[in-house]
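See structure below.
Numbering (UniProt numbering), first residue to last: 1 to 356.
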């Protein structure tokens, strides 16, 4: 899979199996609700979707939400996808649902990794993010339980102005739970996340530099999510201009590609209602799996084709010498400008020849 052609197939597919979730996190992309939507894809429709996804080969299929564990057929869907050759991961919410027994069932069904959100090194700050008292302790307990049963874990942290100064203190907790990857998300102001304060372009740049330094000495992999600019920083620091996904390790158990994954370029999102989108952070629908062929949409729809053509970018991103390896975060550009091909407002870099 490391050499996959992103014009033909995504490397990662996220299926939002439900938007139901007991939490009301202040940065939620999905603006999740407490009850399941009756319009969600059914079990049989889920099986049909999985059958089509195998046309892409063996991409990573992330069962996400909302809280995917609020679907009673979750383990059946995972087992079906695993049997079909897809590499499954799971992003549960830190409620009472991910018990040790259910973690084992997920593992037996075919989940290779679970990812949980830990947004601060203290319960006070994290619980305020999640709006659920005790969620920090529960998250740590689930991560420890997963480690005990041999299930690979990933820690997700969303960076905002509220926790920026706490990032260095997060490192010991990522190590403590034995996470194989720390996925550091950079806020895309959509859903409930519109109410949060995004860090400045200069602060983004400082965090990228710090993360790259950490990546050289850390004992876990680091992924800057919703921040393709990190690849440019890694290249500028000597990671090698010939490596399109510079700064992304490939030894974390899921054989990540050297080419950077962007919205619609190596990434595909299917909503709880079956909408086909470039990502959960770029809520533009190119069709619906109930009536459209998801494979054809990814390969040929104008929206996806435009996202895979760096020559279509405008502003600084269009003039940037790193546009092929970076391309900016398209969801953030859309959220803040209304144009998914505009410059990423979080990037501080000024391309050669661009007016400063």
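Every residue, glycine too, gets a C-beta built ideally from N, C-alpha and C.
- The three-state reading of DSSP puts residue 316 in helix, counting H, G and I together.
- Taking the C-beta atoms as reference points, residue 166 is found nearer than 8 Å to residue 125.
- If you draw a straight line from the Cα of residue 320 to the Cα of residue 350, it is about 8 Å long.
- Ranked by Cα distance from residue 280, the options 236, 295 and 330 are led by 330.
- The continuous beta strand (DSSP E) containing residue 181 extends over residues 181-186.
- Beta bridge pairing from DSSP links residue 113 with 89 and 152.
- Residue 78 sits in a helix when the DSSP states are folded into three classes.
- Residue burial is scored here from C-beta neighbours: residue 309 has fewer than 16 other C-beta atoms within 10 angstroms and is therefore classed as exposed.
- When DSSP states are grouped into helix, strand and coil, residue 281 belongs to the coil group.
- Under the DSSP assignment, residue 269 falls in the beta strand (DSSP E) whose first and last residues are 266-270.
- In this structure, DSSP gives residue 210 a helical state, which the three-state scheme calls helix.
- Just measuring C-alpha positions, the residue of 13, 114 and 285 sitting nearest residue 59 is 13.
- Annotated three-state conformation of residue 17 is coil, per DSSP.
- Below 8 Å, enough C-beta pairs join the segment 88-99 and the segment 114-128 to call them touching: three or more.
- Residue 17 is a Cβ neighbour of residue 272, given a cutoff of 8 Å.
- Scanning its chain for C-beta atoms nearer than 6 Å, with the 5 sequence neighbours on each side dropped, one finds around residue 326 the residues 228, 229, 231 and 232, in chain order.
- In this structure, the straight-line span from the alpha carbon of residue 212 to that of residue 168 is close to 13 Å.
- Residues of the same chain with a CB within less than 8 Å of the CB of residue 37, apart from the 5 flanking positions on each side, are 18, 19, 20, 272 and 273 in chain order.
- Assignment of residue 177 by DSSP, reduced to helix, strand and coil, places it in the coil class.
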